[in-house]
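Enquirer: Before I ask anything, here is the structure I am working with.
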Amino acid sequence: MSGGLAPSKSTVYVSNLPFALTNNDLYRVSNLLSVMWLYIFRVTIMKDKDTRKSKGVAFILFLDKESAQNCSRALNNKQLFGRVIKASIAIDNGRAAEFIRRRNYFDKSKCYECGEAGHLSYACPKNMLGEREPPKKKEKKKRKKIVEPEEIEEEEESEEEGEDPALDSLSQAIAVQQAKIEEEEQRWTQTAGESSISDDSKRPRIKKSAYFSDEEELSD
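Residue numbers for the sequence shown, in the UniProt record's numbering: 1 to 220.
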């Protein structure tokens, strides 16, 4: 499971499902068929936008490729509520990032499946296979409250850096030019300092040679 989610290789496409089957039922089906259901990341039954009725097809995203292949073999050609379902590894349509994006349902007052109040989808009466135990909530560590602002700040900085390549090139050129100027000024200062500590009798002639006349400098 290292390397993160790989939807193009670990998503199962299931078709010819009973239209009354819910997302929670698919979880239970995977469990009944002894599939590695604990590694399921998301079950999505495709529904009509207006009627919210099932289209009879679904996607099951796993955390690893092996679990997806096991599920595909276990579900394919199995009879479920009078229908022979088909299952295979889904073909990537370029919307993988959208599919794995976390969905937050802020309205917890009604069921996502049926839209009725008083229960959530895990305990919906329309689940053909009964209730499903809701996933355990992750315990929030107190340390996170201190760490999160630092992480956000670092991300904001990384987004700003390198945003425009032209600006990066310009700033780099300016920095190089400034370094050259400072180096020349340092050399100039060192030359002047060496001249000031030289012999008093040679000081006027050397100073004049360094600043005004190349011929006099060669004559030395």
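Cβ coordinates follow ideal geometry from the N, Cα and C atoms, glycine included. Small disclaimer: the values here were computed from a predicted structure and weren't measured.
Quick check on the DSSP output: the beta strand (DSSP E) that includes Leu80 runs from which residue to which?
Expert: Residue numbering aside, residue 80 sits at position 80 when the sequence shown is read from its first letter. Segment Lys78 to Leu80, the beta strand (DSSP E) holding Leu80.
Enquirer: Closest to Val57 by CA distance: which of Lys78, Thr51 and Ile85 is it?
Expert: Here residue 57 refers to the residue found at position 57 when the sequence shown is read from its first residue. The residue with the shortest Cα to Cα distance from Val57 is Ile85.
Enquirer: Thinking just about the alpha-carbon of each residue, which of Lys55, Ser72 and Asn93 is nearest to the one in Ala87?
Expert: Here the question's residue 87 lines up with position 87 in the sequence shown. If we check each option's Cα against that of Ala87, Ser72 comes out closest.
Enquirer: Alpha carbon to alpha carbon, what distance is there between Leu17 and Arg83?
Expert: In the sequence shown, residue 83 corresponds to position 83, counting from 1. In the sequence shown, residue 17 corresponds to position 17, counting from 1. Arg83 and Leu17: Cα-Cα distance of roughly 7 Å.
Enquirer: Applying the 10 Å Cβ sphere with the 16-neighbour rule, what's the burial state of Gly50?
Expert: Taking the first residue of the sequence shown as 1, we reach residue 50 at position 50. The sequence shown places Asp at residue 50, not Gly. Asp50 is exposed by the Cβ-count criterion.
Enquirer: When burial is assigned at 16 or more other CB atoms within 10 Å of the CB, is Ala90 buried or exposed?
Expert: In the sequence shown, counting from the first residue as 1, residue 90 sits at position 90. Flag for Ala90 reads buried.
Enquirer: For Lys47, I'd like the list of residues in its chain whose CB is within less than 7 Å of its CB, leaving aside the five on either flank, ordered along the chain.
Expert: As a working note, residue 47 is residue 47 in the sequence shown. Excluding positions up to five away in sequence, the list reads Lys53, Ser54 and Lys55.
Enquirer: Rounded to the nearest angstrom, what separates Arg42 and Asn24 at their Cα positions?
Expert: Reading the sequence shown from its first residue, position 42 is the one you call residue 42. Reading the sequence shown from its first residue, position 24 is the one you call residue 24. Roughly 10 Å between the two C-alpha positions.
Enquirer: Less than 6 Å between C-beta atoms, sequence neighbours within five positions excluded: which residues of the same chain meet that for Phe81?
Expert: Here residue 81 refers to the residue found at position 81 of the sequence shown. Around Phe81: Pro18.
Enquirer: Taking the alpha carbon of Gln79 as the point to measure from, which residue in Asn127, Val14, Cys111 and Ser109 has its own alpha carbon closest?
Expert: Looking up residue 79 in the sequence shown gives position 79. If we check each option's Cα against that of Gln79, Val14 comes out closest.
Enquirer: With a CB to CB cut of under 7 Å and the five nearest residues on each side skipped, what residues in its chain are close to Ser109?
Expert: Translated into positions along the sequence shown, residue 109 becomes position 109. Once the five neighbours on either side are set aside, the close Cβ partners of Ser109 are Ala117.
Enquirer: Whose C-alpha, out of Val29, Arg28, Ile45 and Phe59, is nearest the C-alpha of Val12?
Expert: Your numbering for residue 12 matches position 12 in the sequence shown. Closest option to Val12, Cα to Cα, is Phe59.
Enquirer: Under a three-way DSSP split, which group does Trp37 fall into?
Expert: Here residue 37 is taken as the residue at index 37 of the sequence shown, counted from 1. Low per-residue confidence applies at Trp37: pLDDT is 48, beneath 50, and the placement is therefore not dependable, though the value from the model is reported in the following sentence. Correct three-state label for Trp37: helix.
Enquirer: Determine the burial state of Ala68: buried for a count of at least 16 other Cβ atoms within 10 Å of its Cβ, exposed for fewer.
Expert: In the sequence shown, the residue the question calls residue 68 occupies position 68. Looking at its Cβ environment, which holds 16 or more other Cβ atoms inside 10 Å, Ala68 is buried.
Enquirer: Do Asn127 and Thr22 come within 8 Å of each other at the CB atom, strictly closer than that value?
Expert: By 1-based counting over the sequence shown, the position of residue 22 is 22. By 1-based counting over the sequence shown, the position of residue 127 is 127. Yes, Cβ-Cβ distance for Thr22 and Asn127 is below 8 Å.
Enquirer: From the DSSP secondary-structure annotation, give me the bridge partner or partners of Lys47.
Expert: Locating residue 47 in the sequence shown gives position 47, counting from the first residue. Looking at the DSSP assignment, Lys47 forms a beta bridge with Ser54.
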